[in-house]
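Read top to bottom, the protein sequences are chains A and B. Each residue of the first sequence is one higher than the one before, counting from 1033 in the numbering used here. Each residue of the second sequence is one higher than the one before, counting from 61 in the numbering used here. Just so you know, even glycine gets a beta-carbon here, dropped at the ideal spot from N, CA and C.
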Amino acid sequence: KAGVTQTPRYLIKTRGQQVTLSCSPISGHRSVSWYQQTPGQGLQFLFEYFSETQRNKGNFPGRFSGRQFSNSRSEMNVSTLELGDSALYLCASSLGVRQYEQYFGPGTRLTVT
Amino acid sequence: GENVEQHPSTLSVQEGDSAVIKCTYSDSASNYFPWYKQELGKRPQLIIDIRSNVGEKKDQRIAVTLNKTAKHFSLHITETQPEDSAVYFCAASNAGNMLTFGGGTRLMVKP
């Protein structure tokens, strides 16, 4: 089975712009979670989607949003980018929502200048 | 919310020695505890996990123990090899797939 894929892998944006990141889960996996990884804050949970519904949301401002499509692919959007949004954005997929194992994608490295 | 603390932040061992990484969590409702290994520039990889109805789990050179009363869990790697060098993260979950991660441990195995 193909693993979790994320596009794009690298992105450079300017403050104030917005960005959309994409995640395709492992075939058959219906849950997608997003995490932000930075050297200072470590790995932090952003949100989780299952069956096109957001199930949990982490402690991030409303500029961070996401959605999931009927084929389980997910996107996350960050509007009005700030320098502090520079990070590695990781998505993870799992079979369902009952604490199944989560498998991570390679991440999207976002740099905000 | 859940808070996970991980120690030590760095760990250096000689090849062949054992390594132990410890984590504590705050939410007594947490019941799923995975461990991830992240090599430089790569994605976190799930290496082992344990659920609250089990006290210990082993997979070859890797083992995880859980003490629910004390709210801590540990990763044990025996007979370490240079390829074990990486950053290791513990995590805890009490609902769904929302993982709260520890701060990470950089393990260096010296040949």
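Quick one: does B/Asn91 have its CB under 9 angstroms from some CB of chain A?
On the second sequence, residue 91 of chain B is found 31 positions in, with the first residue counted as 1. Yes, its Cβ sits closer than 9 angstroms to a Cβ of chain A.
Do the region 1099-1108 of chain A and the region 1034-1045 of chain A make contact, defined as three or more Cβ pairs closer than 8 angstroms?
no
Quick one: is B/Leu100 buried, meaning 16 or more other Cβ sit within 10 Å of its Cβ, or exposed?
Taking the second sequence and counting its residues from 1, one reaches residue 100 of chain B at position 40. By the neighbour-count rule (16 or more Cβ atoms within 10 Å), B/Leu100 is not buried but exposed.
For A/Pro1040, which three-state DSSP category applies?
Sequence index remark: in the first sequence, residue 1040 of chain A carries index 8 (1-based). In the displayed model, A/Pro1040 falls within coil according to three-state DSSP, outside both helix and strand.
Using a cut-off of 7 angstroms between C-beta atoms, extract the partners of A/Arg1087 located in chain B.
By one-based count along the first sequence, residue 1087 of chain A stands at place 55. Contact note: A/Arg1087 reaches chain B through Gly156, using a C-beta cutoff of 7 angstroms and chain order.
From which residue to which residue does the beta strand (DSSP E) around B/Glu99 run?
For the purposes of this step, residue 99 of chain B is taken as residue 39 along the second sequence, with counting starting at 1. No beta strand (DSSP E) holds B/Glu99; DSSP gives it neither H nor E.
Near A/Phe1079, which residues of its chain fall below 6 angstroms by C-beta distance, leaving aside the five closest residues on each side in sequence?
As a working mapping, residue 1079 of chain A is identified with position 47 in the first sequence. In chain order, Trp1066, Gln1086, Lys1089 and Gly1098 place their CB closer than 6 angstroms to the CB of A/Phe1079, counting only its own chain and leaving out the 5 sequence neighbours on each side.
If you pair each beta-carbon of the region 1119-1135 of chain A with each one of the region 1069-1076 of chain A, do three or more pairs fall below 8 angstroms?
Yes, the region 1119-1135 of chain A touches the region 1069-1076 of chain A.
Would you kindly work out how many angstroms separate the C-alpha atoms of B/Gln56 and B/Arg121, rounded to a whole number?
The structure shown has nothing for residue 56 of chain B, since chain B only spans 61 to 171.
Give the secondary structure of A/Leu1127 by DSSP, where H, G and I count as helix, E and B as strand, and everything else as coil.
The residue given as residue 1127 of chain A occupies position 95 in the first sequence. In the three-state DSSP reduction, A/Leu1127 falls in the coil class, being neither helix nor strand.
Please state whether the Cβ-Cβ distance between B/Asn157 and A/Ser1126 is less than 9 angstroms.
Here the question's residue 157 of chain B lines up with position 97 in the second sequence. Here the question's residue 1126 of chain A lines up with position 94 in the first sequence. A contact, by the Cβ cut-off of 9 angstroms.
Looking at the C-beta of B/Thr84, does it have a partner C-beta in chain A at a distance below 9 angstroms?
Counted from its first residue, the second sequence places residue 84 of chain B at position 24. No, B/Thr84 does not count as interfacial toward chain A.
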